[in-house]
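In the working numbering, the protein residues as written are 208 to 645.
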Ligand code: NAP
Ligand code: HSE
């Protein structure tokens, strides 16, 4: 092979990062790949001279196209780099690329969380690579770590801050006391948020990444629907202030765990994404801004943590170009198609009601005798024990109460909250947030 030709599907935030890296680091990339790497074509929706494509070092006339056939039907293009986003069209283009015997590298977790299994199988069957390092945690090499570097282990748990936008928002709300909307707009300007930021804020983006990561960690197919999801929409400055009082921070955590026969928990896999109170001394508590981190515990290696920028042009481009280099090496050694995920386990998903966690519960109640005692009874009747309690008087004979519970089953908490709903002295449940105890 004289040159490794890339066809980029998309030249936005991530595609631009790829183009910059391929141009700026051309010498090292060639030395590491064993072949010069060149962007032959880049697909965009609309060729707009106002968009600063020339910043990416690409010639507008020769390289940029609005016709996908210029890439998918070009026999000289070796690797299709899908960085356009969306599910349906991207899926069709990747299928066509694989059928036309092109390797694929993608950053698209939305697509992989739905069609990953089918596409990995097709790539393997055709002896092609399908690289997806950039689909989880941007520049952090967590996919390679789970697939290769930690392959000797039985993975016990994976805990991650894997959405840069929400971590950026929660960090700024905590340290700068800024409003949710203000910081979200900034995250969008910086290119961290998805085209529709509802999937970031609502936890879906992290759930997609968790489905991908946990499938690799436990070698079983975890579907997006298996993941319990809650976003950060309900988190208020008051919750953040109470968390600080409790020596905790609030983070959107993606949590996957595997319980095994005899360890005292229902056997299976737990997969969930939700805002979490995290003690300030937890390794993930100081991961701020757009940074992501993934904390993995394996039976042999023990605790490990992977840290870096989880979104943005160059960090995500870094993961894509690493996949391109790996594929170039495998093309040269005729070993492509050998690294597909292996799903040899069938493990049940533990139902949410049977999962165990601590809770933070913030309520507004009428401030009069016996109310506090009665509140405590609702929880006692569900066998829930308190670890700490905060009560603050508010105006108009109202009080704000925060209960912190010891770990209990979600089903017990549901029972207590259902009973509590009918208590006439309860005016409002402000928020219920899970606590990470391990
Ligand atoms: P983006 O900035 O919106 O760029 C998308 C690019 O794809 C644009 O160049 C756009 O063309 C082109 N495009 C989109 N739909 C197209 C279509 N139907 N036909 C032709 N061209 C089309 O998106 P991005 O932030 O780079 O994200 C790309 C992918 O990377 C997504 O799957 C995203 O989830 C993933 N990702 C993003 C980040 C991040 O930090 N942004 C990090 C990790 C993974 P125009 O330029 O003409 O609009
Ligand atoms: N919107 C995503 C985030 C981009 O904020 O993490 C990286 O996948």
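All C-beta atoms in this analysis are idealised placements derived from N, C-alpha and C, irrespective of residue type, glycine included.
What you are looking at is a predicted structure, and each value in this text was computed from that prediction instead of being measured.
Closer than 6 Å: residue i CB and nearest the ligand HSE heavy atom
| i | result |
| --- | --- |
| residue 515 | no |
| residue 407 | yes |
| residue 399 | yes |
| residue 372 | yes |
| residue 414 | no |
| residue 351 | no |
| residue 518 | yes |
Beta-carbon gap between residue i and residue j smaller than 7 Å
| i | j | result |
| --- | --- | --- |
| residue 414 | residue 434 | yes |
| residue 534 | residue 345 | no |
| residue 338 | residue 530 | yes |
| residue 317 | residue 373 | no |
| residue 319 | residue 442 | no |
| residue 222 | residue 213 | no |
| residue 274 | residue 248 | no |
| residue 321 | residue 527 | no |
| residue 315 | residue 328 | no |
| residue 690 | residue 627 | The shown model of the chain, from 208 to 645, leaves out residue 690, and the question about it has no answer. |
| residue 549 | residue 591 | no |
| residue 475 | residue 554 | yes |
| residue 271 | residue 246 | no |
| residue 571 | residue 634 | yes |
Cα-Cα separation between residue i and residue j, rounded to whole angstroms
| i | j | result |
| --- | --- | --- |
| residue 370 | residue 354 | 21 Å |
| residue 445 | residue 381 | 10 Å |
| residue 661 | residue 425 | Residue 661 lies beyond the residue range present for the chain, which begins at 208 and ends at 645; the question has no answer from this structure. |
| residue 629 | residue 437 | 24 Å |
| residue 543 | residue 459 | 36 Å |
| residue 234 | residue 479 | 43 Å |
| residue 351 | residue 547 | 11 Å |
| residue 149 | residue 631 | No answer is possible for residue 149: the residues shown for the chain start at 208 and end at 645. |
| residue 285 | residue 240 | 13 Å |
| residue 427 | residue 557 | 14 Å |
| residue 559 | residue 636 | 21 Å |
| residue 348 | residue 340 | 7 Å |
| residue 395 | residue 313 | 21 Å |
| residue 440 | residue 388 | 10 Å |
| residue 208 | residue 639 | 58 Å |
| residue 357 | residue 505 | 8 Å |
| residue 582 | residue 451 | 24 Å |
| residue 467 | residue 525 | 37 Å |
Residues near residue i by beta carbon distance below 6 Å, same chain, minus five either side
| i | result |
| --- | --- |
| residue 379 | 385, 390 |
| residue 610 | 568, 593, 596 |
| residue 409 | 438 |
| residue 507 | 359, 360 |
| residue 622 | 589 |
| residue 462 | 366, 479 |
| residue 521 | 224 |
| residue 416 | 316, 343, 369 |
| residue 422 | 428, 429 |
| residue 598 | 606, 608 |
Residue i CB to nearest heavy atom of the ligand NAP below 6 Å
| i | result |
| --- | --- |
| residue 311 | no |
| residue 403 | no |
| residue 286 | no |
| residue 572 | no |
| residue 291 | yes |
| residue 523 | yes |
| residue 220 | yes |
| residue 278 | no |
| residue 296 | yes |
Nearest-angstrom beta carbon gap, residue j and residue i [assumed within contact, 8 Å]
| i | j | result |
| --- | --- | --- |
| residue 643 | residue 485 | 5 Å |
| residue 607 | residue 562 | About 28 Å separates the two Cβ atoms, so there is no contact after all. |
| residue 469 | residue 477 | With 8 Å as the limit, residue 469 and residue 477 do not qualify as a contact, their Cβ atoms being about 17 Å apart. |
| residue 292 | residue 217 | 7 Å |
| residue 487 | residue 456 | 6 Å |
Same chain, Cβ closer than 8 Å to residue i, neighbours up to 5 away in sequence not counted
| i | result |
| --- | --- |
| residue 641 | 481, 482, 483, 484, 564, 565, 566, 567 |
| residue 498 | 368, 371, 374, 514, 515, 516, 517 |
| residue 532 | 236, 239, 240, 244 |
| residue 615 | 563, 564, 565, 566, 589, 590, 591, 592 |
Own chain, CB closer than 7 Å to residue i, minus 5 neighbours either side, in chain order
| i | result |
| --- | --- |
| residue 304 | 279, 287, 311 |
| residue 536 | 240, 241 |
| residue 399 | 371, 372, 375, 497, 518, 519 |
| residue 401 | 407, 412 |
Beta carbon proximity, residue i to chain B, threshold 7 Å
| i | result |
| --- | --- |
| residue 518 | Of the protein chains in this structure there is only one, and it is not chain B. |
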